[in-house]
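All remarks here apply to the structure that follows.
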Amino acid sequence: MAKPPILTPQADDFPRWYQDVVAKAELADNGPVRGTMVIRPYAYALWERMQADLDRRIKATGTQNAYFPLFIPMSFLTKEAEHVEGFSPELAVVTHGGGKELEEPVVVRPTSETVINSYFSKWIQSYRDLPLLINQWANVVRWEMRPRLFLRTTEFLWQEGHTAHATEEDARAFTIRILNEVYERFMVDILAIPVLLGRKTNRERFAGATNTYTCEAMMGDGKALQMGTSHELGQNFSKAFDTLYLDSSGEQVHVWQTSWGVSTRMVGGLIMCHGDDNGLRVPPALAAVQVVVIVVRDEEGAGDKARALCAELVALGIRAEIDDRVETSFGRRSVDWELKGVPIRIEVGPRDLANGIVTVVRRDSGDKTPVAIADVATMLPGELSSAQDALLTEATKRRDERTIDVTTVEDATEAAKVGFARIPWSTLGEEGETRLGGQGVSVRCLQSADGSLPGPSETDLVAVVARAY
RNA sequence: CGGGAAGUAGCGCAGCUUGGUUAGCGCGCAGCGUUCGGGACGCUGAGGCCGCGGGUUCGAAUCCCGCCUUCCCGACCA
Numbered sequence: 236m237a238k239p240p241i242l243t244p245q246a247d248d249f250p251r252w253y254q255d256v257v258a259k260a261e262l263a264d265n266g267p268v269r270g271t272m273v274i275r276p277y278a279y280a281l282w283e284r285m286q287a288d289l290d291r292r293i294k295a296t297g298t299q300n301a302y303f304p305l306f307i308p309m310s311f312l313t314k315e316a317e318h319v320e321g322f323s324p325e326l327a328v329v330t331h332g333g334g335k336e337l338e339e340p341v342v343v344r345p346t347s348e349t350v351i352n353s354y355f356s357k358w359i360q361s362y363r364d365l366p367l368l369i370n371q372w373a374n375v376v377r378w379e380m381r382p383r384l385f386l387r388t389t390e391f392l393w394q395e396g397h398t399a400h401a402t403e404e405d406a407r408a409f410t411i412r413i414l415n416e417v418y419e420r421f422m423v424d425i426l427a428i429p430v431l432l433g434r435k436t437n438r439e440r441f442a443g444a445t446n447t448y449t450c451e452a453m454m455g456d457g458k459a460l461q462m463g464t465s466h467e468l469g470q471n472f473s474k475a476f477d478t479l480y481l482d483s484s485g486e487q488v489h490v491w492q493t494s495w496g497v498s499t500r501m502v503g504g505l506i507m508c509h510g511d512d513n514g515l516r517v518p519p520a521l522a523a524v525q526v527v528v529i530v531v532r533d534e535e536g537a538g539d540k541a542r543a544l545c546a547e548l549v550a551l552g553i554r555a556e557i558d559d560r561v562e563t564s565f566g567r568r569s570v571d572w573e574l575k576g577v578p579i580r581i582e583v584g585p586r587d588l589a590n591g592i593v594t595v596v597r598r599d600s601g602d603k604t605p606v607a608i609a610d611v612a613t614m615l616p617g618e619l620s621s622a623q624d625a626l627l628t629e630a631t632k633r634r635d636e637r638t639i640d641v642t643t644v645e646d647a648t649e650a651a652k653v654g655f656a657r658i659p660w661s662t663l664g665e666e667g668e669t670r671l672g673g674q675g676v677s678v679r680c681l682q683s684a685d686g687s688l689p690g691p692s693e694t695d696l697v698a699v700v701a702r703a704y
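236 is the number of the first residue of the first sequence in the working numbering; add one for each residue after it.
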């Protein structure tokens, strides 16, 4: 039973358990080549599931999908001063095309506010054209100095929403609507990851925005991960790109805009929030495979009974899959499904079948339950929903236990070693934020005292501070 | 750009200090057999510009010089 070595491609202080989760997943047990062959498509399958669900929610807000160019002329970016300043260090710039040096370099989009505004300025003429609600699914490139597997990759996939509104109130309301109706609901209900909603400080705000809202989650090691953002852009881009509309009184007015996005970073967040020493734990609502029916050995008709059971589950609308690869050892197959985090495994073998039962195994808890084969189909929907709840409950409990209220920068720094600290913003201030920054701690978001999203002019704010990825 | 480490089989590594048979080990891979209720075992086998270039030497993975690359820490991550 010699286990293969678990390789650790990350730094020593990178959370050990995450190394193991990712390394086991990436390397499976036969080296990175075949391991990657297994995990890459699987991680992508998870992303596709996220994408499908999010796309439905986004369209429900009246937003349409479109697609815009990958290459953006450098001059577009320089039109908005803060925007270009924020993104310059991480741009991939194309200087040659068709064998010739380009007159003007183009950048590979790090985000698409500028190129989309160049279209918006042509499309939008009248207040009757507003609001204009557009989303695109795309890849973007940010040349970060230190990429992190799944969390901060040079190229990543995301959705970026871009909207134009007649008024500031309209734009602000839409920013918050996306945050609440799309992002929070998706992360909590589907990913089973509890998130804090709040506003970013000036220092952490998106380059070019007037206000940034964020969803912040706590990972298994107590560090924070920004899972998604929704920005009020004000009129910054519409002024830079002359995106004007004629209002009902016949006046030319700049539109008010928003942008918002979530990315494949959520795959990393999922791993780090729910993963354990045995691999991923994928919540049933997300899982591409919710239930796997494993044929232990194809004797006494176990194979046929397993296939029949699987078909029965599929007919019930459960995403079930059969594993009858009996030429591969049972232990190997069990571990494979465990690594992938499949929520429920059903082991069908001759020994149990002799007594008319199968074994139902929960990935979240590891619990194994013998169940009469005739009862499996009726009990499974309940098991799946219970597994979903358990993951959310566990993550919420951890977050709440590791969040404490403090009143000094010193205490905040100390608390951030293991979790989140809440400190009055009036106590901390930008000067305190700088001091925290020196300790590797950042203000993740500003909230109202009761933890809700603060209004635009609200003053009695609390800063949630933590170490972050 | 500063500080540190490493380049040897698909992957992870040993060998180098003290130069000397045919460069090893684990995993993975291929074949055969025995296994199979939690990462099976045995036997056989395939697979190497030892990062690149130069030097010292009868002889270099090993010693010397130069170069290249990668990784880690910091700066970056709206």
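Where is the CB? At the ideal position from N, CA and C, for every residue including glycine.
Since this is a predicted model, take the numbers as computed values, not measurements.
Residues that DSSP places opposite residue i in a beta bridge
i, result
"A555", "V526"
"A399", "L367 and Q492"
"H331", "E336"
"A609", "For A609, which the question treats as bridged, DSSP gives no partner whatsoever."
"D480", "Reading off the sequence, residue 480 comes out as Tyr, not Asp. Note: Y480 sits in a beta bridge opposite V488."
"M453", "A459"
"L432", "C450"
"G469", "Q492"
"G514", "D511"
"I579", "V526 and R597"
"L696", "S683"
"W372", "Q394"
"S361", "L481"
"A703", "A459"
"S498", "W393"
"T464", "T449 and G496"
Close beta carbons around residue i, own chain, < 8 Å, minus the five adjacent residues each side
i, result
"L551", "A612, L615 and P616"
"T298", "L368, I369, N370, G396 and T398"
"Q525", "P519, I553, R554, A555, V577, P578, I579 and L619"
"A537", "V530, V531, V583, G584, P585 and L588"
"A444", "H466, E467, L468, G469, N471 and S494"
"T642", "I658, P659 and T662"
"R702", "G457, K458, A459, A651, K652, G675, V676 and S677"
"Q487", "L479, Y480 and L481"
"E317", "A442, G443 and N471"
Status (buried if at least 16 other CB within 10 Å, exposed otherwise) for residue i
i, result
"W358", "exposed"
"M272", "exposed"
"Y704", "buried"
"Y302", "exposed"
"P691", "exposed"
"T436", "buried"
"N471", "buried"
"F476", "buried"
"M380", "exposed"
"N300", "exposed"
"D685", "exposed"
"D352", "Residue identity check: residue 352 is Asn in the sequence provided, not Asp. So N352 counts as buried."
"K575", "buried"
"V700", "buried"
Spatial neighbours of residue i in its chain, beta-carbon cut-off 7 Å, leaving aside the 5 residues before and after
i, result
"F322", "L312, P345 and A442"
"W282", "L392, T499 and V502"
"G667", "V644"
"A223", "Nothing about residue 223 can be read from this structure; the chain reaches only from 236 to 704."
"E717", "Residue 717 cannot be examined here, being either before or after the span of the chain that is shown, 236 to 704."
"K238", "For K238, the predicted model reports a pLDDT of 29, less than 50, meaning its position is unreliable and no value from the coordinates is stated."
"A607", "G591 and I592"
"R383", "Y704"
"E547", "A612"
Spatial neighbours of residue i in its chain, beta-carbon cut-off 6 Å, leaving aside the 5 residues before and after
i, result
"K603", "T594 and V596"
"E403", "W491"
"F355", "A399 and T478"
"M454", "L460, M507 and C508"
"L688", "L432"
"L386", "R500, G503 and Y704"
The ligand FMN heavy atom lying under 7 Å from the CB of residue i
i, result
"G584", "The ligand FMN is not part of the structure shown, which contains no ligands of any sort."
The segment 576-589 touching the segment 646-659, judged by at least three CB pairs closer than 8 Å: Flag = no, the segment 576-589 and the segment 646-659 do not touch.
Touch test, the segment 526-540 against the segment 409-416, Cβ-Cβ under 8 Å, three pairs minimum: Contact fails: fewer than three Cβ-Cβ distances are below 8 Å.
Secondary structure, beta strand (DSSP E): runs of 3+ residues fully inside the segment 644-683: 655-659 and 677-683
Segments of 3+ residues assigned as beta strand (DSSP E) that fall wholly inside the segment 583-640: 592-597, 603-607 and 638-640
Contact between the segment 459-470 and the segment 324-334 (3+ Cβ pairs under 8 Å): no
The segment 475-484 contacting the segment 666-685, beta-carbon criterion three pairs below 8 Å: no
Any beta strand (DSSP E) of 3 or more consecutive residues that is wholly inside the segment 275-328: 306-308
3-residue-minimum beta strand (DSSP E) runs that sit fully inside the segment 378-426, ordered along the chain: Within the segment 378-426, the runs of beta strand (DSSP E) that reach at least 3 residues and sit entirely inside it are, in chain order, 390-400.
Contact the segment 632-642 vs the segment 654-665: 3+ CB pairs below 8 Å: yes
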